[in-house]
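Notes follow the structure.
Residue numbers (this note's numbering): 826 to 995.
Right under this line is the structure:
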């Protein structure tokens with residue numbers, strides 16, 4: 826199952842296990858708006874990684890605060906002690922085709938590794954030229970072309986990307 830980052834849990838909110846989210850995905854924001862309007866549980870689970878494995882959670886209520894901030898209640902988190910365990914973690918949705926690599930700024934800080942296993946560098950920024958997305962490596966300021974076809978593996982837990990790197994760039 827491919828997962829896409831959609832939000833980060835910023836802090837606990839209130840005293841009944843609610844958390845404040847910072848939304849990263851327009852699709853997730855729209856889903857929360859629908860949940861708020863209907864006043865019922867979000868049908869699609871969100872995932873939080875624990876020990877490298879995605880654990881599903883269901884959102885039972887959502888309230889928009891301002892900008893990209895939402896207060897949500899998970900159906901299985903009922904107190905602040907449990908809510909504290911998820912603070913600082915990212916939320917993920919099952920990726921749709923259009924979501925894959927749609928929020929490219931999340932790649933900043935990831936380590937790029939060549940298919941031969943050589944560390945190429947750490948991504949310092951993502952530059953979006955028309956029809957050409959490039960990753961700038963912090964150590965050398967090298968620009969690597971970024972396309973889904975060049976990505977061999979993507980490890981969200983360890984923040985690494987194994988890529989086919991065109992010859993002569995490193």
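For every residue, glycine included, the Cβ atom is placed at its ideal position computed from N, Cα and C. All of these numbers come straight from a predicted model, not from anything done at the bench.
Along the chain, where does the beta strand (DSSP E) that runs through residue i open and close?
i           : result
residue 972 : No beta strand (DSSP E) contains residue 972, which DSSP labels as neither H nor E.
residue 957 : 957-962
residue 886 : 884-891
residue 915 : 915-919
Taking the alpha carbon of residue i as the reference point, which residue from the options has its own alpha carbon closest?
i           : options            : result
residue 958 : 976, 965, 944      : 976
residue 887 : 939, 900, 878, 877 : 900
residue 869 : 833, 920, 937      : 920
residue 955 : 967, 898, 972, 944 : 972
residue 952 : 940, 933, 939      : 933
residue 847 : 863, 904, 830      : 830
residue 940 : 986, 907, 905      : 986
What residue range is occupied by the uninterrupted alpha helix (DSSP H) comprising residue i?
i           : result
residue 853 : 851-863
residue 827 : First-last for residue 827: undefined, no H or E at that position.
residue 908 : 905-909
When the distance is taken between beta carbons, is residue j closer than 8 Å to residue i?
i           : j           : result
residue 880 : residue 845 : no
residue 942 : residue 965 : no
residue 962 : residue 949 : yes
residue 857 : residue 918 : no
residue 935 : residue 865 : no
residue 960 : residue 994 : no
residue 902 : residue 842 : yes
From the DSSP output, read off the bridge partner residues of residue i.
i           : result
residue 936 : 947, 985
Looking at the C-beta of residue i, does it have a partner C-beta in chain D at a distance below 8 Å?
i           : result
residue 908 : As a matter of chain content, chain D is missing from the structure shown, which is built from one protein chain.
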